[in-house]
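Residue numbers (the working numbering), protein chains in the order written: chain G, 1 to 286; chain E, 1 to 235; chain A, 1 to 324.
Glycine residues also receive a C-beta, built at the ideal position from the N, C-alpha and C atoms.
Worksheet for the structure shown next.
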Amino acid sequence: MDLFINLTLNGLATGMLIFLLAAGLTLIFGLMDVLNFAHGGLFAWGAYSGLWIYSETNSFFIGIIGAVITGFVLGILTEKWIIKPVYGNHVQQILITLGLMLVLSEMLKVIWGPNQMMASPPDYLKGSWELGGIIIIKYRVFIILVGLLIFAGVQYVLKKTKIGLVVRAGVMNKEMVQALGINIQKVFMYVFMMGAGMAALGGVLLGPYSGVIHAGMGMEFAILAFIVVVIGGMGNFKGSVLAAILVGLSGSFMAYYVPDLSLAVNMLLMAIVLIIRPQGLFGAKG
Amino acid sequence: MNDLLKLEHVETHIGQYHILQGVSFEVQKGKVTVLLGRNGAGKTTTLRTIMGLNPASKGIITFKDEPVQSLPTYTIAKKGIGYVPEDQGIFAGLTVEENMKVAIQTENEQTAERMEYILNLFPDLKKFWKKQGGNLSGGQKQMLSIARAYVNENELLLIDEPSKGLAPIVVEKVMESILQMKDQTTIVLVEQNFMMASTIGDCFYIIDDGRTVSHGTMQQLKEDEEMKRKYLGIA
Amino acid sequence: MTAVILVAAAFLVLLPFVYESRNLFILLTQIFVFSIFAMSYDLLLGFTGIVSFGHAMFFGIGAYSMGIFMKKFEPTMGYFLLAVLVVIILTAVVSFIVGLLTLRLKSHFYAMLTLALSGLFLVLAEKWRTMTHGNDGFTFRVPEQFIDRTHFYLLCLVLVVAVFLLLKRFTNSPLGRVLQAIRENEQRTESLGYQVLHYKIAASVVSGILAGIAGILYAISLRFVNTSVFSMDITLDALLMTIIGGVGTLVGAIIGAGLIEFAHDWLTALAKEHVIFERWIIFFGIIYIVVVMFFPKGIVGTLSSLSWKRKKQQAVKKEEKAAG
Chain G
1 MDLFINLTLN
11 GLATGMLIFL
21 LAAGLTLIFG
31 LMDVLNFAHG
41 GLFAWGAYSG
51 LWIYSETNSF
61 FIGIIGAVIT
71 GFVLGILTEK
81 WIIKPVYGNH
91 VQQILITLGL
101 MLVLSEMLKV
111 IWGPNQMMAS
121 PPDYLKGSWE
131 LGGIIIIKYR
141 VFIILVGLLI
151 FAGVQYVLKK
161 TKIGLVVRAG
171 VMNKEMVQAL
181 GINIQKVFMY
191 VFMMGAGMAA
201 LGGVLLGPYS
211 GVIHAGMGME
221 FAILAFIVVV
231 IGGMGNFKGS
241 VLAAILVGLS
251 GSFMAYYVPD
261 LSLAVNMLLM
271 AIVLIIRPQG
281 LFGAKG
Chain E
1 MNDLLKLEHV
11 ETHIGQYHIL
21 QGVSFEVQKG
31 KVTVLLGRNG
41 AGKTTTLRTI
51 MGLNPASKGI
61 ITFKDEPVQS
71 LPTYTIAKKG
81 IGYVPEDQGI
91 FAGLTVEENM
101 KVAIQTENEQ
111 TAERMEYILN
121 LFPDLKKFWK
131 KQGGNLSGGQ
141 KQMLSIARAY
151 VNENELLLID
161 EPSKGLAPIV
171 VEKVMESILQ
181 MKDQTTIVLV
191 EQNFMMASTI
201 GDCFYIIDDG
211 RTVSHGTMQQ
221 LKEDEEMKRK
231 YLGIA
Chain A
1 MTAVILVAAA
11 FLVLLPFVYE
21 SRNLFILLTQ
31 IFVFSIFAMS
41 YDLLLGFTGI
51 VSFGHAMFFG
61 IGAYSMGIFM
71 KKFEPTMGYF
81 LLAVLVVIIL
91 TAVVSFIVGL
101 LTLRLKSHFY
111 AMLTLALSGL
121 FLVLAEKWRT
131 MTHGNDGFTF
141 RVPEQFIDRT
151 HFYLLCLVLV
161 VAVFLLLKRF
171 TNSPLGRVLQ
181 AIRENEQRTE
191 SLGYQVLHYK
201 IAASVVSGIL
211 AGIAGILYAI
221 SLRFVNTSVF
231 SMDITLDALL
241 MTIIGGVGTL
251 VGAIIGAGLI
261 EFAHDWLTAL
271 AKEHVIFERW
281 IIFFGIIYIV
291 VVMFFPKGIV
301 GTLSSLSWKR
311 KKQQAVKKEE
321 KAAG
């Protein structure tokens, strides 16, 4: 029982981190047909900048805020300088975002050195609780809560605000949205910024969770996020959270029972989805 | 000059295809101008070019005495043009209410009034207010699309084949409502259904092979059997 | 262009007989290996318009298969050829399956699936320790015919020319023309009655096999193989080389390979002067972004369109003179 709960919590926590990365990816894709291969780079930048600020200020909270702001800024710059100039050309777009990924992760090594960095949670999130003989690690619960909070927040914005409505409409038919007098480029910039911020948040939360961060982790998590985006359906926000939890849980349980196959299982899941339901497991776009 | 909209020698390329090769026409305020012509003649592209969805590569488009041909779509729309595309462009996953909400640019008394007017015109929309756009019938989708284009204070409506794929009885209903809206706004209508076009329209332009080839009042067209046969294939 | 390549090749054949520098030959061999790899990538990206982010997996399959055969069996010519056969079959099967799964979908899917799959192969190489010795990799002996560096250098050179000519023919063949038509306008090619999917899969299989062969040569030249052959860096190398050199030209891939391997050699030496040169790849990353954005034809394409323009201008001037 102890083991089961711990593996579940572990899977949920990992799932939430993947979700933070995948949510932006899927919305950016749904709205503008842009698949951002540099998204993992933003994730890694969140991790490094957040950890750095955390160690400078001794406040994990400020570190998180700093990481998210870093994500926002990088997101705006990326959208403006990298995505927009090649907008409409898919091949160019895919190529250029991967180039950006390379530059972003090399920049990390230039600034913070090529070696991995240690990270640990702040005192108030260290350690664990004991509930009826079951040990629950605090930081995992923290990640799950933050993830749920972000999910609820984004869901609220999408469902209850005008801009959220426009985003949902844009995913369905972006031409019509413009014909109704809405500047979708501007909306897209906000979405891109938010997506980058969420990715950076995921990055900074990962640090203390895994204990170390390195420049390559952006790509590792991006691969999981791509799997999630395919399984959840491209452009499907709710699908992305369900798929992220699925991938997180299967990763966690597989890693315990058959560690060598954990990535393979997720890959297999993605391959099956690609064969039978390329639009994703969880319903149509939207 | 009471031309609300004017196209002068407009040409449009889509990819490597030269679709519009010289479209010129004028739309007078308060009138319904009908664009006629065979399938593939370029009527839909003409509307899309006005909206900036397929930008013109040559020529001038003037709306309210202002050139708009190089503006982005959303700016053109904001200047007061409502667009009802051929496929209606309903946001399938949004409810009728949400579809209307996306369209409203600023909520104020005018839009509230216009909303009320249009919902009285299309009571079905009120009835299915919370229903998803994708689940509406073809006629209801058409009504929603027209309502969406109308709800802002648009001086011009571009309506692309409202009768397409609808049952005759529904066509009549849509036609009646457009007739009612006539004294509220100016309309450019693309229509294959000659009965509908001739009932609603004040004047016409015929587009053939990407060019405007002929125009006149609807009355003239009704009497000109030769023209009808040549360009419209009706005897 | 073919003539230039052949002259350059002739020069490179004679080089070992007049000049002796072990380092230079190792570097040139490396350039040849990556030329083949980059050309195989160009067939996909430049000629068919398919973006793969997992080309390293074919390279890695080639390198590991050869390494394992040489290590577990005897380093003889017979086992070498057997390994080549295995690589061809493996890469063909993998590229066929990947292509079948994703090439009917939007271009994003192929990029994503190949990226993820090559990640999977990387993990496989790390975890299957009995075969691969994990991250550390393993060294092995090579057949005696390849022990002499000059011989191997010449073999690689011959293969570069052979692959170049083969791909030249291939892309000019009716099949190659269909591929280019797909790149230009997929829907129209489909509407002309071509089974676009079949052609795309054919391109990806040929490309996969050639990448596997490049991997074989890479392993033989190093006499060592580790997980880095499956890493993203290898795919990035192919991307940088073809994009910067010029896509859809084949020659661009060779020039790109030369450029990057030279720069790699030169800039890592400079790393002693300043650490920034340890991160030399960042410069290429930036150049790459600039090229994608402003010179999508790369070095070769941009130069040839410039010279074409100049010729045209001269022709116009001549005409004007004649008319005047």
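query	result
7 Å Cβ cut-off: residues of chain E touching G/Thr183	Per the sequence shown, residue 183 of chain G should be read as Asn rather than Thr. Here the neighbours are Tyr74.
Selected residue, minimal CA-CA separation from A/Ala257, among A/Leu222, A/Val300 and A/Asn226	A/Val300
Proximity below 8 Å, CB of G/Ile292 to CB of G/Lys174	Because chain G in this structure spans residues 1 to 286, residue 292 of chain G falls outside the shown range and cannot be described.
3 or more residues per run - each beta strand (DSSP E) lying fully within the stretch 185 to 215 of chain E	186 to 190 and 203 to 208
Under 7 Å (Cβ pairs) to chain A, residues found in the stretch 83 to 97 of chain G	Pro85, Val86, His90, Val91, Gln92, Ile94, Leu95 and Ile96
Beta-carbon proximity check, G/Leu125 vs G/Leu74, cutoff 8 Å	no
G/His39 - DSSP class collapsed to helix/strand/coil	helix
Minimum Cβ-Cβ distance from G/Asn173 to chain E less than 8 Å	yes
Close beta carbons around G/Gly127, own chain, < 7 Å, minus the five adjacent residues each side	Lys138
For E/Leu232, three-class secondary structure by DSSP	helix
Sequence-distant residues of its chain with Cβ nearer than 8 Å to A/Val13 (five each side left out)	Leu154 and Leu157
Within-8 Å CB hit, G/Gln279 to chain E	no
Residue span of the alpha helix (DSSP H) that contains A/Gly258, given as start and end	Val251 to Leu270
Alpha-carbon spacing of G/Met262 relative to G/Met254, whole angstroms	As written in the sequence, residue 262 of chain G is Ser, which differs from the Met given in the question. Each residue's alpha carbon lies about 5 Å from the other.
Neighbourhood of G/Ile111 by C-beta, 8 Å cutoff - its chain only, sequence neighbours within 5 removed	Tyr48
Selection from G/Gly251, G/Asn236 and G/Met118 that minimises the alpha carbon distance to G/Met172	G/Asn236
Near-chain E residues of the stretch 149 to 181 of chain G - C-beta to any C-beta below 8 Å	Lys162, Leu165, Val166, Arg168, Ala169, Met172, Asn173, Glu175, Met176, Val177, Gln178, Ala179, Leu180 and Gly181
Cβ of E/Met51 within 8 Å of any chain G Cβ	yes
Distance CB(E/Ser49)-CB(E/Val10) smaller than 8 Å	Per the sequence shown, the amino acid found at residue 49 of chain E is Thr instead of Ser. Result yes, Cβ atoms of E/Thr49 and E/Val10 sit closer than 8 Å.
Contact between the stretch 84 to 97 of chain A and the stretch 47 to 64 of chain A (3+ Cβ pairs under 8 Å)	yes
A/Ser52 at chain G interface by Cβ criterion, 8 Å	no
Cβ contact check for the stretch 17 to 28 of chain G and the stretch 228 to 248 of chain G: 3 or more pairs under 8 Å	yes
For A/His108 and A/Thr2, the rounded distance between their alpha carbons	34 Å
Interface partners of A/Lys407 on chain G, CB under 8 Å	Only positions 1 to 324 of chain A appear in this structure, which leaves residue 407 of chain A out of reach.
Amino acids of chain G, ordered along the chain, whose beta-carbon sits closer than 9 Å to that of A/Val123	Asp260, Ser262, Leu263 and Ala264
Proximity to E/Tyr150 [Cα-Cα], best of E/Ser163, E/Asp87 and E/Met115	E/Met115
Sufficient close CB pairs (3 or more, under 8 Å) joining the stretch 264 to 273 of chain G to the stretch 23 to 37 of chain E	no
The beta strand (DSSP E) enclosing E/Gly15, as first and last residue numbers	That residue, E/Gly15, is in no beta strand (DSSP E); it is neither H nor E in DSSP.
Environment of G/Lys186 [buried if 16+ CB atoms lie within 10 Å]	exposed
Below-8 Å beta-carbon distance, A/Ala111 vs any chain G residue	yes
Per-residue contacts from G/Ile227 into chain A (C-beta, under 9 Å)	Met112 and Ala116
Secondary structure of E/Ser70, DSSP reduced to three states	coil
Contacting residues, own chain, Cβ-Cβ under 6 Å from E/Asn193 (five flanking each side not counted)	Ser163
Delimiting residues of the beta strand (DSSP E) encompassing E/Leu158	Leu156 to Asp160
Chain G within 8 Å of E/Glu172, Cβ atoms only	no
Start and end residues, beta strand (DSSP E) containing G/Ser128	Ser128 to Leu131
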